[in-house]
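Asker: Right, I'll just put the structure down here and ask away after.
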Amino acid sequence: MFPRWAVTVLVALRTLTVPRRWGGTMAAERAMSSAQPPTTASLPCRRLGVVQGFPAWQNEVIFCGNREAQDHVVFFPGDVQDYIENMEAHRDNKNWKQWNLEAVAELLSRRFPRSFIWVIKPSHMHLKTFSCYNFLVCNTMGTPEYGDEPRYPNALLYLRLLLNNAARQVSSELQQQVEGQDSCPADQNSCQDERLLSLPITFVGFSKGCIVLNEILFELQEAKPIPELQEFLARVKTMYWLDGGHQGGSNTWVTNEATLRNFAELQVDVHVHVTPYQVNDAMRAWIGKEERLFVKRLKKVGVNVTETRHFENEPRSLENHFKVLTAF
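Residue numbers (mature numbering (1 follows the signal peptide of the UniProt record, and there is no 0)): -19 to -1, 1 to 309.
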C-alpha cells in the first residue's frame, strides 16, 4: 500500500537568486549551512523501478509527491550519483554518498513542496561513475556527441512517454491515498491520469545532467510539426541549469543563436546556477566562456533568465559543486 503522506512539509531552503552576479556572502553562508541534505521528516520518496519509454528504451525512476501537487519537477543527475548502496560500494564515490539519488529526491521535495518529483536515473554508469543517458547520442563516457545543429526530437518523444508512463504507474496509488474521496470510476483512474498528464513541468539538470536540457533545445525546431510534442512543450514553464559540465571539449552550454531563438518562443523561465568548479576551471576554459555566452544570448533573444554564481570567494571544489543542489 502506498504510504500516507505527511500532513505538513518543511519549508524549502532557498538562497537569494541574484541576476548576473555572484550570489554573495549570504548565499554562500546559507549554502554552507545546508551542505548536508536534511535528515528530518519529509515527503516519502521511493523507487518506481524500471519505467518504459520507447519499446526498447527504459529508465529507472525515483518518485516523491502527494495528491495536492500542482506541477512536476523532473531532475537529471550527473556523474557519480547513484543509488546509495552502489555509491557506498565504490572506493571513491562513497565520499559523496550523501548526494545519492534518493537523498536528492527528498531534497527536491523540500525545495518544491507542492510538486511531484521525478528523478530520472541514467541507464548506465560507465565504470560505475560516468552517467550515460540512453536517449541521447553519447560516447562510452556519456559525453554527448553532437554539434549545434537541429535534429529529430528522439529525446523529447522519449521523455514524454517516460513521464506519462511513470505518472500512470503512480496515479492509482495516489487515488487511494484518501479513503472515501475517490471521484473516478472504480475500474479506472482516468481522471487522476488526466490531471497528472496536464500539470506544468519544471526541468532541472545538474552537472552532466544538463546535457538533457541542452538536447531539448537542439530538438525544438524539428519538434514543431509534431502536435503531441507541442502540447508537451507548452507545459514546460521553468528550466534550471545547475553547474553544467561534461568530459567533452565543447558544447557544454548552448550558444547557437538560432537554437536559442527557437527556445525563446516557449517563454520558459530559465535559472542558471554555477560554481567555480566548472566556470573557473583553467583546464576547461571554454565552459566559463560558453556559460557567459548562453546567458548573454538568452537575454538578447528575450528569454527571462537569471544567473547566480555561488561560492565566489572559495577555492574550486567538488564539494561546492554538489552543494549547488542545496544553494539554488
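Where a beta carbon is used, it is the ideal one built from N, C-alpha and C, also for glycine.
#1: What does a CB cutoff of less than 6 Å around Met138 pick up in its chain, not counting 5 residues either side in sequence?
#2: Please work out which residues of its chain come closer than 8 Å, Cβ to Cβ, to Ala167, disregarding the five sequence neighbours upstream and downstream, and give them in chain order.
#3: Grab the span of the alpha helix (DSSP H) containing Ser112 for me, first residue to last.
#4: Determine the contact status of Gly186 and Trp222, defining contact as a CB-CB distance below 7 Å.
#5: Are three or more beta carbon pairs between the region 76 to 90 and the region 122 to 135 nearer than 8 Å?
#6: Start and end of the alpha helix (DSSP H) containing Gly281?
#7: Express the C-alpha separation of Val217 and Glu200 in angstroms, rounding to a whole number.
#8: Report buried or exposed for Thr307, applying the criterion of at least 16 other Cβ atoms within 10 angstroms of its Cβ.
#9: Whole angstroms is fine: what's the gap from Ala136's alpha carbon to Val193's?
#10: Exposed or buried, which one is Glu126 when buried takes at least 16 other CB atoms within 10 Å?
#11: Which term fits Glu209, buried or exposed, when burial requires 16 or more other beta carbons within 10 angstroms of its beta carbon?
#12: Please report how far the alpha carbon of Leu274 lies from the alpha carbon of Val255, in whole angstroms.
#13: When the cut-off is 7 Å and only beta carbons count, does Val42 lie next to chain D?
#14: Who are the Cβ neighbours of Ile207 in its own chain at under 8 Å, not counting the five residues just before and after it?
#15: Could you give the C-beta distance for Thr121 and Asn74, rounded to a whole number, given that I count them as a contact under 8 Å?
#16: How many whole angstroms separate the CB atoms of Asn285 and Val251, which I take to be in contact at a CB cut-off of 8 Å?
#17: Would you kindly work out how many angstroms separate the C-alpha atoms of residue 353 and Asn76, rounded to a whole number?
#18: Starting from the C-beta of Gln259, find all residues in its chain whose C-beta is less than 6 Å away, skip the five residues before and the five after it, and write them out in chain order.
#19: Suppose you measure from the CA of Arg28 to the CA of Thr219; what does that come to, to the nearest Å?
#20: Excluding the five sequence neighbours on either side, which residues of its own chain have a C-beta within less than 6 Å of the C-beta of Ser96, listed in chain order?
#21: Helix, strand or coil for Tyr221, going by three-state DSSP, please let me know.
#22: Can you tell me the Cβ-Cβ gap for Asn195 and Ile101, rounded? I've got them flagged as a contact below 8 Å.
#23: Rounded to whole angstroms, what is the Cα-Cα separation between Pro257 and His302?
#24: Specify, as a first and last residue, the run of the beta strand (DSSP E) that Leu29 falls within.
#25: Figure out for me which residue from Cys113, Phe292 and Ile197 has the closest Cα to the Cα of Val61.
#26: Within 10 angstroms of its Cβ, does Glu271 collect 16 or more other Cβ (buried), or is it exposed?
#27: Give a yes or no on whether the C-beta atoms belonging to His291 and Val276 are separated by under 7 Å.
#28: Would you mind stating whether Leu198 and Thr240 have Cβ atoms separated by less than 7 Å?
#29: One question on the structure: do Val42 and Trp99 come within less than 7 Å of each other, judged by their Cβ atoms?
#30: Please report how far the alpha carbon of Arg297 lies from the alpha carbon of Gln228, in whole angstroms.
Answerer: Walking through what the data contain:
#1: To locate residue 138, count along the sequence shown from 1; it is residue 157. Note on identity: in this sequence residue 138 is Leu, with Met being the wrong assignment. Excluding its 5 nearest sequence neighbours in each direction, Leu138 has no C-beta neighbour in its own chain below 6 Å.
#2: Within the sequence shown, numbered from 1, the residue matching residue 167 stands at position 186. At Ala167, the pLDDT of 47 sits below 50, so the modelled position is not reliable; the number obtained from the coordinates is stated separately. Nothing listed; no residue qualifies.
#3: Against the sequence shown, residue 112 aligns to sequence position 131. Annotation for Ser112: no alpha helix (DSSP H) segment contains it, though the beta strand (DSSP E) segment containing it runs Phe111 to Cys113.
#4: Position 205 of the sequence shown, counted from the start, is the residue given in the question as residue 186. Position 241 of the sequence shown, counted from the start, is the residue given in the question as residue 222. Yes.
#5: no
#6: As a first step, residue 281 must be located in the sequence shown, where it is residue number 300. Position check: residue 281 holds Lys in this sequence, whereas Gly was assumed. Start and end: Ala266 to Lys281.
#7: In the sequence shown, residue 200 corresponds to position 219, counting from 1. In the sequence shown, residue 217 corresponds to position 236, counting from 1. Their Cα atoms are separated by approximately 14 Å.
#8: The residue labelled residue 307 in the question sits at position 326 within the sequence shown. It counts as buried.
#9: Residue mapping note: residue 136 aligns to position 155 of the sequence shown, counting from 1. Residue mapping note: residue 193 aligns to position 212 of the sequence shown, counting from 1. Each residue's alpha carbon lies about 8 Å from the other.
#10: As a first step, residue 126 is located in the sequence shown; it is residue number 145 there, counting from the start. Result: exposed.
#11: Position 228 of the sequence shown, counting from 1, holds the residue named residue 209. Exposed: under 16 other Cβ atoms inside 10 Å.
#12: The count along the sequence shown starts at 1 and reaches residue 274 at position 293. The count along the sequence shown starts at 1 and reaches residue 255 at position 274. Going by the C-alpha atoms only, they are around 14 Å apart.
#13: Protein chains in the displayed structure number just one, and chain D is not present.
#14: Along the sequence shown, one-based indexing puts residue 207 at 226. Correct list, in chain order: Pro134 and Leu138.
#15: On the sequence shown, residue 121 is found 140 positions in, with the first residue counted as 1. On the sequence shown, residue 74 is found 93 positions in, with the first residue counted as 1. With 8 Å as the limit, Thr121 and Asn74 do not qualify as a contact, their Cβ atoms being about 18 Å apart.
#16: Taking the sequence shown and counting its residues from 1, the one referred to as residue 285 is at position 304. Taking the sequence shown and counting its residues from 1, the one referred to as residue 251 is at position 270. 7 Å between Cβ atoms; contact.
#17: Given that the chain is displayed from residue -19 to residue 309, the structure contains no residue 353 and the question cannot be resolved.
#18: Position 278 of the sequence shown, counting from 1, holds the residue named residue 259. Result list for Gln259: Asp224, Gly226 and Ile268, in chain order.
#19: For the purposes of this step, residue 28 is taken as the residue at position 47 of the sequence shown. For the purposes of this step, residue 219 is taken as the residue at position 238 of the sequence shown. If I take the Cα positions, the gap works out to 25 Å.
#20: Taking the sequence shown and counting its residues from 1, one reaches residue 96 at position 115. Excluding sequence neighbours, Ser96 sits near Ala50, Asp52 and Val54.
#21: Taking the first residue of the sequence shown as 1, we reach residue 221 at position 240. Strand.
#22: Translated into the one-based positions of the sequence shown, residue 195 becomes position 214. Translated into the one-based positions of the sequence shown, residue 101 becomes position 120. Not a contact, Cβ separation roughly 15 Å.
#23: Here residue 257 corresponds to residue number 276 of the sequence shown, with the count starting at 1. Here residue 302 corresponds to residue number 321 of the sequence shown, with the count starting at 1. Answer to the nearest angstrom: the Cα atoms are 8 Å apart.
#24: Sequence index remark: in the sequence shown, residue 29 carries index 48 (1-based). Note, Leu29: beta strand (DSSP E), Cys26 to Gln33.
#25: Numbered from 1 along the sequence shown, position 80 holds the residue referred to as residue 61. Cα-wise, what sits closest to Val61 is Cys113.
#26: As a first step, residue 271 is located in the sequence shown; it is residue number 290 there, counting from the start. Buried is the call here.
#27: Within the sequence shown, numbered from 1, the residue matching residue 291 stands at position 310. Within the sequence shown, numbered from 1, the residue matching residue 276 stands at position 295. Result no, Cβ atoms of His291 and Val276 do not sit closer than 7 Å.
#28: Here residue 198 refers to the residue found at position 217 when the sequence shown is read from its first residue. Here residue 240 refers to the residue found at position 259 when the sequence shown is read from its first residue. Contact flag set, yes.
#29: As a working mapping, residue 42 is identified with position 61 in the sequence shown. As a working mapping, residue 99 is identified with position 118 in the sequence shown. For Val42 and Trp99, yes; Cβs fall inside 7 Å.
#30: Counting from 1 along the sequence shown, the entry for residue 297 is found at position 316. Counting from 1 along the sequence shown, the entry for residue 228 is found at position 247. Cα-Cα distance, rounded: 17 Å.
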